[in-house]
Every structure is written in structure tokens, then in C-alpha cells.
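Notes to accompany the following structure.
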Amino acid sequence: MMRLDYLDALNRMMESDMDKLARWKKEEWNINCEWVIGTPGTAPGLGYLTTFNTPKFEKYPALGDFDLIREYLPYARKHGIRVLAYLNMHWYSYDFGKKHADWEQRVEDGRSYGSVHPLYGSGTTFCVNSGWRNWAFELIEEAMKTGIDGVFLDGPVVFPECCYCASCREKFSNKYGGEVPSWEDWSNPLWRKFIEFREESMADFLRDARQAVKRVNEEGVIFLNGGAWWPGSWRVARNIEKLSEYEDFNGAEAFFHPGSQNMPLIFWTLEAKHLAAKGKPAVVFSHHALGSWHYVPLPRFEAEISVAQTVSCGANPWFAVFDYALDTRLEDALTPMRSILGFLSRNEEYYTDTVSKAEVALLLSTQTSTFYLSELRELYLDPGTGVERDLRIEEGTGQRKTSLKARKAICDEIYTNSILGAATILSRSHIPYDVILDDALAKGELEKYSLIVLPNSACLSDEQIRSIRGFIEKGGSLLCSFETGCYNEYGDHRLENPLWSILGVERCDGMMLPRVGEEYMKLADSKEKIFSMPAGALIPRPVYSLKTFSKQDAATLCFFMNPIGAYYSAPRGVSNYAAIICRRHGESRTIYFSSLVEDFYTRYRIPDILQVYADCIRFATRKPPVVEVEAPDTVMFEVREQRSTGRILVHLVNTTGNMQRPISSITRVHNIKVRIRGSRPRKAFKLSDRSMLPGRELPDCFEFTLDSLMVYDVIVFEP
Ligand SMILES: [Zn+2]
82 MMRLDYLDAL NRMMESDMDK LARWKKEEWN INCEWVIGTP GTAPGLGYLT
132 TFNTPKFEKY PALGDFDLIR EYLPYARKHG IRVLAYLNMH WYSYDFGKKH
182 ADWEQRVEDG RSYGSVHPLY GSGTTFCVNS GWRNWAFELI EEAMKTGIDG
232 VFLDGPVVFP ECCYCASCRE KFSNKYGGEV PSWEDWSNPL WRKFIEFREE
282 SMADFLRDAR QAVKRVNEEG VIFLNGGAWW PGSWRVARNI EKLSEYEDFN
332 GAEAFFHPGS QNMPLIFWTL EAKHLAAKGK PAVVFSHHAL GSWHYVPLPR
382 FEAEISVAQT VSCGANPWFA VFDYALDTRL EDALTPMRSI LGFLSRNEEY
432 YTDTVSKAEV ALLLSTQTST FYLSELRELY LDPGTGVERD LRIEEGTGQR
482 KTSLKARKAI CDEIYTNSIL GAATILSRSH IPYDVILDDA LAKGELEKYS
532 LIVLPNSACL SDEQIRSIRG FIEKGGSLLC SFETGCYNEY GDHRLENPLW
582 SILGVERCDG MMLPRVGEEY MKLADSKEKI FSMPAGALIP RPVYSLKTFS
632 KQDAATLCFF MNPIGAYYSA PRGVSNYAAI ICRRHGESRT IYFSSLVEDF
682 YTRYRIPDIL QVYADCIRFA TRKPPVVEVE APDTVMFEVR EQRSTGRILV
732 HLVNTTGNMQ RPISSITRVH NIKVRIRGSR PRKAFKLSDR SMLPGRELPD
782 CFEFTLDSLM VYDVIVFEP
């Protein structure tokens, strides 16, 4: 999918040769679906103007009588491009806002959101519970009447600190029988209801908007910008679990932004997996812009990687490119898309009807990202950075965050890091995984997995815990960490964590003083070979670690050392606190890390932590995987199966670059080994040039070698 954005210069589209334009998009950009602007997302907030003719709405003046959508549509169809209208549903000028003051979103003191936080510098926004909704539904119907295939709604957004308009206040008190609580008042029990209310208001809006589409065209599609995986989506009332039911596709923004802290290598991979989790067609919006410099295209390799990571995970690519960028840098923008989308276009039959063959599931718990507010007081202590410079080490200040709002921000950051850490370790260790969401865990939709990973999945319902127990009884394994299961789905602290008896945790005596540096864990002796590092090895202790004791019937794989509490001081021997606890349940295994190990990995990237964590995952999954790969850890690897043909498709994305982002050069990787178990594939070839791969039979598998990989390729195993 593509959007060519003209911003305020829509006349440039009007004046172009429509036939040539559509052919160019099909043949050069290789797209088969396009968003054409229906209402512009342009300063100073022109979302109330249409680009198509309708007696019911105001027309974008520069277009005169020219109907941008109806004029373009036949040419798009002729060249095999589906057309969706982009409808901006969140940005309105102050002038338009003034005419509809009762539609505006309001902050608690009654001021309109736009007057407090001008949108993109100027403009305001409307409320999904106000009279605006009917205006919006009518607009959607009018857009559909142009004959398009569907609509994409950019917005609405329930903005942070909103909404306290009269409609919301009334709807809330009718439903919950109380006043709308103050913004982020975590001490008010109704606050959590208000979070839900905002998300449900969004879902209600989308449900009715969908009906507006279907009234005109039963086959018409609708979707919106559904919110990325990052914890914190609750602030803008985006919850894929609630929205998915009313959308035809699940899509969300994953825009590149320069600055490596924003951009883990798995950036698009994780979003694609998140959006694909609901089983609907997923669309990753990767933009083709250098962050907020919209008129500079994404650097070539970043653009190619964005698409490659997206399709490797079974999702669909989307990009926007700006006319102003094409004016001066057309080839920079076009070259990577022609290359990667051309590849997809030539090989389309290998991308349809495929399912992930991952045997590991990673829970992305919206409940935890929304409601996790840890009761561990030490979590809010400033641990310092541990950085040694100018003959001193920056230690913690001992200051503690006290406001619940500040604590929630810390918990959001910790959960973000926990997900990123687990996903990064899985990816770098070449262990394919799927993202699952709360609902799938609650319903026990886990049959295809041999292991579920719950990185500090603090907020779990009783139903989810029952389902985890059932999964283990049926032979599945579990790896989890820190406060997993300590709270219910609304973040209420449990008196006793029901997972502890399963995990082999005897008790927890609170938390060790958080500290960066000079604290250690020690790998225990074990009858079984689990770790690639020798027993007794000292490894860095995660900053946030619990004083946990293991039960008699469980094995402690790793102990914490007694706290040293100072730098350049001698170790003080092994403590009784268990750092990693393993318990067997027949064939199943549970592994519990009593620390924020994934968060620690995200922050410090210590190779020992990756190694120990990956060793535990391999130990817990027991069986060797059906497909495995031997390649540098910057080569990403996904396995999919085509249901209709039984083909196994091994996607390889090479992110081995010049050690920083944006990646401006890729290093070609050689001699990648791919091993497959089971019966010998009839054919093994690489999709880029259909060349057969040399293979050999090993004792328990068949091994094929890919001589070299630049950015992306797929190895096809024909059954
Ligand atoms: Zn409202």
C-alpha cells in the first residue's frame, strides 16, 4: 500500500495525466493498493474539506469542481490498484472548531484540547462521543459513494488528558455511576474504568463507522491507525484487543525516527508480529521519510529492511511518500521500493496463504502495559548509571519517585524494555516467535507452541493463569520473569501469586537494592548441561532483582551473590537467593528469572545475559526446532508455511550494517546454513534467482547453504 501525499498541492495530482500516474505507481512502485486523500491531513487542520464532490460537505477550494477520487479511480482500477480513501479524522482548524464547540475534546478544566495543545502547531480535535460522530459517519458514507474499496481513518484519537466534554461526562456517569475521575489519578478506583471507557468509546465509534461503510458497499473495508505495541497506548485509548473486531485490517504506525535509542533492529518485526496477532490481515505503516524530515526519503537500506521485516512476519507493507520529496529526490525514494516491492510483486504466490511456524509465543500483555503499577518500593529508587569517569562512579542518589504518575511512567518504561529485551534475544538467537495477546492467552489458544515467554507479564487474570496451568499440563513449557502474575488484570496486587507454586518459588522477601554494576549472579552446578558458560561463572546481576527462595521440588540454576554494595570490593560469597528457578512437570519445564532480566538486557546489551536467557529457552523448548539457521545474529530469520502447498518459506533479513542507524550500508553475509528436520525437501532454492541450494544429509537433519545474502531473500523448501 502506498500514499503519495501532495499536502497543500493537490492541484498537482489534478493536473497530472491520471492514466500515466496510475501506471507509474503500478509499474515503478509495484503497489496494488493506494490511499487517495479524501480529507486532507494538512495545516491548519483541513480535515473538514473533501477532495471529492458531495453536496453535504465543503470542498477543498483549489480543486474546484474536479473530483479527485472519481477522476482517478477508473485509471487505478485499469492498472490493478485498489483505492482506499484517506480520511483525516483528528485535525480541524480553529475556525471550523469554533463552529462546533460542543464537538471539541476537552481537558478537565473545560478548555478545548486544541487550545491547550495545538495539533501540529495549530488546530483542534473532536470527541467520538459528541455529535461529531454522526458528521463523521456521513462523511464516510459520502466517501464510499465515490466507488472506492474502503476507507482508512487517520484518527479519531482520544487525546491524553481527554475527554471531559459534556457528552463523555454524561455517558461515563450513566455507565459507571460516578463522576469522571481526574486525569491519571491512579488512586481513584474509577480511573481504571475511565481508561476502559475511553477505549470502549473508540471501539463504539469504529463499530458504527464500519456500518457506514457497509451501508454503501458490503465488501468495503475500514481500518484505522490502531496503535503500536508500545506500552502507553492507553494514553490515546488505542487497544487492538478492543478495536480489532471492527476493522478489516489491523494497521499501525511504525515510523522510523533517527536516534538509535528509538530504533531497535527488530523495530518493524515486532510491530508486524503484534498486528498479525489477531489473525486479521496486518499492515505496518513504515513511512518513507526520515523521521520528521518528511521531504527526505528513508535511506535506501532502512526502506528495504522496513518492508522485508514486515513481510517476513506475514504482514503487509505500507509507505507514504511526499510529493515534495519526489520533486528533488525521486530516485532516492523510488530505488529501494522498486527493488523490494518489485521482488514481492514478482513472487506474489509465495506470500499468500502462509502461516508462521514459530514454536515460541511471546505475550504482549495490554493489561500489563495499561495497568502495571508495581508495589515494589525499591523499583522507584534512582539506581544511578554505574558509569566510571573522571575517577568517580555515578552511583544512585537514593531518591525515590513518589507520585503515582511518575511511578506509572517508570513501569511503562520497564515493560517496554522487558518486551524489547525478550524479543531482541529471541531474534538474535534465531529463535522464531509469534506475539500473542491477552485474549489468546485467556482462551488458551496455544496448541501450536512448545514454549510461552512472559517477560514481567505482571497483570494476568485468573483465567489466564488457569490457561497457563493447562498449557503446562499438556506438555508446554513456560519462561517468565520478575512480577509475572503478581497482579490481576486490573493491576490489583494479589496476596499470593498463584504462579509461584507452578514455578517452584517458595517465597519472596522483597527486592535487593537496585544497583548498576559490581553485583553478580553465579551459575549453579547442574547435572544437565543447560548453559554454554561453565558452572560457577560470575555474570552481571540485573539492576532490579528479587530476594526469592526456591521450593524443595525445584532446581536453582543460578544464585545471586551476596550484595557487595561498593565498587572495587571483593565478592562476598553466594547468597541463598535464587536468580533462576527451574521446575519440571513431566515433560514440561518452567523457568523463572527473579529479576528484570529482559529490561536489563535492553538497557545494557550484555552478551552473557543473552546467552543465559537463550540457553534457558532452548532448554525449556526441549526438542530441536524444525528449521534452524546458522548466521550472524544480525540476520533475522522467520519460518512460514504455505498452507495450500506445504512449502516451507525461510525469510532472511540482513541488518548487518555500519553499526548505527540510520543504516547507510549493509555488509553482505556469506555461507548461511539452514537446517531442516523431517523428510528431505524435494527442492530447496532461493527465491531471488530460483537457484538451487547445495545440500547435504546430517545425522538428524538436512543442511542447505546460502552462499550470500544482501538485504533480503527467501529460501523455499518444496515438500
Ligand atoms: Zn468527549
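FYI, the numbering for the sequence shown is 82 to 800, going by the working numbering.
For glycine and all other residues, C-beta sits at the position ideal for the given N, C-alpha and C.
Owing to the predicted nature of the structure, the values given are computational and were not obtained by experimental measurement.
Use the C-beta contact count for residue 849: other C-beta atoms within 10 angstroms, 16 or more gives buried, fewer gives exposed. Outside the shown range of the chain (82 to 800) lies residue 849, about which nothing can therefore be said.
May I have all residues whose beta carbon comes closer than 6 Å to any heavy atom of ligand 1, sorted in chain order? 186, 208, 210, 211, 244, 246, 248, 249
State the start and end residues of the unbroken alpha helix (DSSP H) segment that holds residue 451. 447-452
Pull up the DSSP beta-bridge partners for residue 167, would you. 118, 233
Would you grab the beta carbon distance between residue 552 and residue 580 for me? Rounded to a whole angstrom, and I think it's under 8 Å. At roughly 12 Å, the Cβ-Cβ gap does not stay under 8 Å, so residue 552 and residue 580 are not in contact.
Determine, using beta carbons only, whether residue 354 and residue 516 come nearer to each other than 9 Å. Residue 516 is positioned such that its CB atom lies closer than 9 Å to that of residue 354.
Classify residue 591 as helix, strand or coil using the three-state DSSP reduction. strand
In three-state terms, what does DSSP make of residue 794? strand
What's the C-alpha gap between residue 391 and residue 682? 24 Å
May I ask you to report which of helix, strand or coil DSSP gives residue 309? Residue 309: coil per DSSP, three-state reduction.
Is it true that the CB of residue 663 sits closer than 9 Å to the CB of residue 618? No, the Cβ-Cβ distance between residue 618 and residue 663 is not below 9 Å.
Less than 9 Å between the beta carbons of residue 95 and residue 147, yes or no? yes
Coarse secondary structure for residue 697, derived from DSSP in three states: helix
Is residue 767 near ligand 3, in the sense that its beta carbon is under 8 Å from a heavy atom of that ligand? The model depicted lacks ligand 3 and carries ligand 1 instead.
Taking the beta strand (DSSP E) that residue 270 falls in, what are its first and last residues? Counting along the chain, residue 270 falls outside any beta strand (DSSP E), though it belongs to the alpha helix (DSSP H) covering 270-297.
Going straight from the alpha carbon of residue 371 to that of residue 590, what length do you get? If I take the Cα positions, the gap works out to 48 Å.
Return the CA-CA distance between residue 270 and residue 214, expressed in angstroms with no decimal places. If I take the Cα positions, the gap works out to 29 Å.
If residue 783 sits next to residue 749, beta carbons under 8 Å apart, how far is it from one beta carbon to the other, in whole angstroms? Not really, about 25 Å apart at Cβ, beyond 8 Å.
Express the C-alpha separation of residue 561 and residue 447 in angstroms, rounding to a whole number. 16 Å
Roughly how many angstroms lie between the CA atoms of residue 696 and residue 131, to the nearest whole one? 57 Å
Reducing DSSP to helix, strand and coil, say where residue 399 ends up. strand
Is residue 334 helix, strand or coil when you go by DSSP? In the three-state reduction of the DSSP assignment, residue 334 falls in the strand class, which pools E and B.
CB-CB under 7 Å to residue 687, same chain, minus the five flanking residues each way: which ones, in chain order? 621
If you pair each beta-carbon of the stretch 563-572 with each one of the stretch 447-458, do three or more pairs fall below 8 Å? yes
Residue 770 versus residue 475 - alpha carbon distance: 55 Å
Assuming residue 177 is part of the beta strand (DSSP E), what are its boundary residues? Note, residue 177: premise wrong, no beta strand (DSSP E); alpha helix (DSSP H) at 175-180.
For residue 559, does the count of other Cβ atoms within 10 angstroms reach 16, so buried, or fall short, so exposed? buried
Please report how far the alpha carbon of residue 352 lies from the alpha carbon of residue 678, in whole angstroms. 22 Å
Which of the three DSSP states is assigned to residue 421 in this structure? If DSSP states are grouped into helix, strand and coil, residue 421 belongs with the helices.
Flag this pair as yes or no: are the beta carbons of residue 801 and residue 168 separated by less than 9 Å? The requested residue 801 is not part of the displayed model; the chain covers only 82 to 800.
Rounded C-beta distance between residue 435 and residue 721? I'm assuming under 8 Å. 4 Å
Quick test of the definition: if touching needs 3 or more C-beta pairs under 8 Å, does the stretch 187-196 touch the stretch 242-255? The count of Cβ pairs closer than 8 Å, one atom from the stretch 187-196 and one from the stretch 242-255, reaches three, so the stretches are in contact.
Residue 545 burial status per 10 Å Cβ neighbour count (16 or more: buried): buried
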